[in-house]
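**Q** Numbering (mature numbering (1 follows the signal peptide of the UniProt record, and there is no 0)), first residue to last: -18 to -1, 1 to 84.
1. From what residue to what residue does the beta strand (DSSP E) around residue 55 run?
2. Taking the beta strand (DSSP E) that residue 80 belongs to, which residues open and close that run?
3. Looking only at its own chain, which residues have a Cβ that is under 8 Å from the Cβ of residue 46, when we skip the five neighbours before and after it?
4. What are the boundary residues of the beta strand (DSSP E) that includes residue 76?
5. Apart from the five residues just before and just after residue 7, which ones in its own chain have a Cβ nearer than 8 Å to its Cβ?
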């Protein structure tokens, strides 16, 4: 009997955690084109009471491709949320249109 009650409580708690759909109007679209990452050189400054010759080794950075990112900002009367969408449908999203995201 205790196992049955425990399983029922777990089922109720898990069903309550499902995300609710968000409905609102598109207020902004943001497109970041694909690009290569890069780092700029930097200087290391050490402070010490005794001057000791030191060799600084800079970690080697391997450049990688960053994919394009499209973010759609949706607002309703209570809040504004951002949703990541695929870049092929960037032109499909129209500002001011009503959408629902899960």
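Here a beta-carbon is modelled for each residue, glycine too, at the ideal position from N, C-alpha and C.
Just so it is clear, the structure is predicted and the values come from calculations on it, not from any experiment.
**A** In short, the structure shows the following:
1. By 1-based counting over the chain shown, the position of residue 55 is 73. Run containing residue 55: 51 to 57, per the beta strand (DSSP E) assignment.
2. Counted from its first residue, the chain shown places residue 80 at position 98. Start and end: 80 to 83.
3. Numbered from its first residue, the chain shown carries residue 46 at position 64. Only 18 and 19 meet the Cβ criterion.
4. Residue mapping note: residue 76 aligns to position 94 of the chain shown, counting from 1. No beta strand (DSSP E) holds residue 76; DSSP gives it neither H nor E.
5. The sequence position of residue 7 within the chain shown is 25, counting from 1. Here the set comprises 56, 57, 58, 78, 79, 80 and 81.
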